[in-house]
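Each number in the numbering used here comes from the position in the sequence shown (counting from 1) with 4 added on.
By construction, the Cβ of each residue, glycine as well, lies at the ideal position given by its N, Cα and C atoms.
Being a predicted model, the structure only gives us computed values, none of them experimental.
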Amino acid sequence: MNPEEKKQLKNDNLIKFWETKRDNRVKYAILQSLYFAIPFSVVFQALESLQGFFTLNFAFKFITIFSVYFLLTYYVSFKIYEKKYQKIKKQL
5 MNPEEKKQLK
15 NDNLIKFWET
25 KRDNRVKYAI
35 LQSLYFAIPF
45 SVVFQALESL
55 QGFFTLNFAF
65 KFITIFSVYF
75 LLTYYVSFKI
85 YEKKYQKIKK
95 QL
């Protein structure tokens, strides 16, 4: 596979991936944030104490991580993917 075919395959994969996600920005940001916040909250809580999973401390960690990643995804990540998508669509 030459570099041009590889680039075209990468672009096709991005278009296929992003066309399904770009329709609902909030849903995309919430799902991405949940995928990130749940494991990290569990890891941070496990490092602190294994008995504290049903405490307010765990809830605050989860909400904080979720909120920060939601804002990052909603405002930064979405724009980056959208710019790439628009650039590739323009070239086609």
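Collapsed DSSP secondary structure at N17 in the structure displayed: Here residue 17 refers to the residue found at position 13 when the sequence shown is read from its first residue. The three-state reading of DSSP puts N17 in helix, counting H, G and I together.
message: If I measure Cβ to Cβ from L38 and keep anything under 8 Å in the same chain, skipping five residues before and after, which residues do I get?
response: As a position in the sequence shown, residue 38 is number 34, starting the count at 1. Apart from sequence neighbours up to five positions away, the residues of its chain that approach L38 with a beta-carbon distance below 8 Å are F70, ordered along the chain.
- prompt: Y2 lies in the alpha helix (DSSP H); which residues open and close that run?
  reply: Outside the modelled stretch of the chain, which goes from 5 to 96, sits residue 2, for which no answer is possible.
- prompt: Since T68 is in the alpha helix (DSSP H), which residue starts that stretch and which ends it?
  reply: Stepping through the sequence shown from its first residue, residue 68 is reached at position 64. In this chain, the alpha helix (DSSP H) harbouring T68 covers L60 to L76.
query: Using DSSP with H/G/I as helix, E/B as strand and the rest coil, what is R26?
result: Your numbering for residue 26 matches position 22 in the sequence shown. If DSSP states are grouped into helix, strand and coil, R26 belongs with coil.
query: So, helix, strand or coil for L54, using DSSP?
result: Sequence index remark: in the sequence shown, residue 54 carries index 50 (1-based). Coil, per DSSP.
message: Is the beta carbon of S81 closer than 8 Å to that of K65?
response: Residue numbering aside, residue 65 sits at position 61 when the sequence shown is read from its first letter. Residue numbering aside, residue 81 sits at position 77 when the sequence shown is read from its first letter. Not a contact, by the Cβ cut-off of 8 Å.
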